[in-house]
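First the structure, in the form of C-alpha cells, and then the observations on it.
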Amino acid sequence: MSAWTKKPCARCSKKKGKNQTDQKYCYACGIKVQRERKAAAHGRAIEARYGITQAEYEALYLFQGGRCAICWRATGKSKRLSVDHDHKTGEVRGLLCSPCNRGVLGHLRDDVLALERAIRYLQAPPYQRMVRLRNGEVWN
C-alpha cells in the first residue's frame, strides 16, 4: 500500500482512476509531470555538455525553422534534434537529426572536401558518367 492510496491527485486534486489509486498523480497529470521532468533533464544535459541553455536551444530551433539544418525533413517532434558542435573547438553549430548528425557529419568527420565529393556524387553519379563515357558522350 502506498502513501497515496485513495488520495486525490497531488497536482490537480481530482479523483484518480482505479489504475492510479496507488500513484501520486492521475493519468493526465502523470504524463505532464513526466514531460516536464524530461524537458528539465534535457536542459541540464545540453547546458553541461554544450554550454547552451534550454532557452537558447529553443531559440536556435525556431531560428532554423523548426527542422534539421541539413535535410529539412526532421522536425524534432517525435525525437529531439541533436546539438551539433565542432569537436575541436566545442562551438555549437546547429541542430541536426540523428541521421544527418551521425551519417553525414559524423561519418565524414567534418571534412568539407568529403561533403563536396558527396554533392558531386549526387549531381553526377559515377555509373551514369561511366555509361555516358562508354557511349562516347562528353561529360562536364
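Start counting the sequence shown at 3; every next residue gets the next number (the working numbering). From the three backbone atoms N, C-alpha and C, an ideal C-beta is built for every residue, glycine too.
Got a sec? Which residues, its chain only, sit under 6 Å from R69 by beta carbon, not counting five neighbours each side? The residue given as residue 69 occupies position 67 in the sequence shown. Once the five neighbours on either side are set aside, the close Cβ partners of R69 are T77.
Please check the pair A71 and G96, which I expect to be a contact at CB under 8 Å, by giving their CB distance rounded to whole angstroms. For the purposes of this step, residue 71 is taken as residue 69 along the sequence shown, with counting starting at 1. For the purposes of this step, residue 96 is taken as residue 94 along the sequence shown, with counting starting at 1. Between G96 and A71 the Cβ distance is about 4 Å, and since that is below 8 Å, they are a contact.
Tell me the start and end of each unbroken alpha helix (DSSP H) in the region 41–109 that is at least 4 residues and wholly inside, in chain order. Whole alpha helix (DSSP H) segments, 4+ residues: 56–65.
Does the pairing of the region 42–58 with the region 9–24 give three or more beta-carbon distances under 8 Å? no
With DSSP run on the structure shown, which of helix, strand or coil describes K20? As a position in the sequence shown, residue 20 is number 18, starting the count at 1. The answer is helix: DSSP assigns K20 an H, G or I state.
Determine the DSSP secondary structure at P128, reduced to helix, strand or coil. By 1-based counting over the sequence shown, the position of residue 128 is 126. The three-state reading of DSSP puts P128 in helix, counting H, G and I together.
Between the CA atoms of R131 and A47 - distance to the nearest angstrom: Within the sequence shown, numbered from 1, the residue matching residue 47 stands at position 45. Within the sequence shown, numbered from 1, the residue matching residue 131 stands at position 129. If I take the Cα positions, the gap works out to 47 Å.
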